[in-house]
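Here the sequence shown is numbered in the working numbering, starting from 1280 and rising by one per residue. No residue lacks a Cβ here, since even glycine has one placed at the ideal position from N, Cα and C. For reference, the structure discussed in these notes is given below.
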Amino acid sequence: MFGLSELAVVLIVVAVVVAARKLPELTRSAGRSARILKSEARAMKDEERTPPGEPAEPRIIQGETVDRGDAGTGGTPRG
């Protein structure tokens, strides 16, 4: 029969095959999360460098907009 290592290899292969469709979406999401985390860490370092009593400049975080006009609502935007 199968040993534990063979069973683990089969499960990993099945997981990769099943998750192949979601892989691009997952990597994009992980990249966005990493960029947000990196920008927040930078902002915290910048706040530490600002002398007390001096107002800090507002932070602008770049983002993306998603057009969900046809996502199950028949193409009509919610309002």
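Which residues in the same chain as Ile1340 place their Cβ atom closer than 8 Å to its Cβ, once the five residues preceding and following it in sequence are excluded? Position 61 of the sequence shown, counted from the first residue, corresponds to residue 1340. So the list reads Ile1315, Ser1318, once near-sequence residues are dropped.
Kindly list the residues whose CB is nearer than 7 Å to the CB of Arg1347, restricted to its own chain and excluding five residues on each side of it in sequence; keep chain order. Within the sequence shown, numbered from 1, the residue matching residue 1347 stands at position 68. Leaving aside the five residues that flank Arg1347 on each side, none in its chain has a CB nearer than 7 Å to its CB.
Extent of the continuous alpha helix (DSSP H) to which Val1289 belongs: If you number the sequence shown from 1, residue 1289 lands on position 10. Start and end: 1283-1298.
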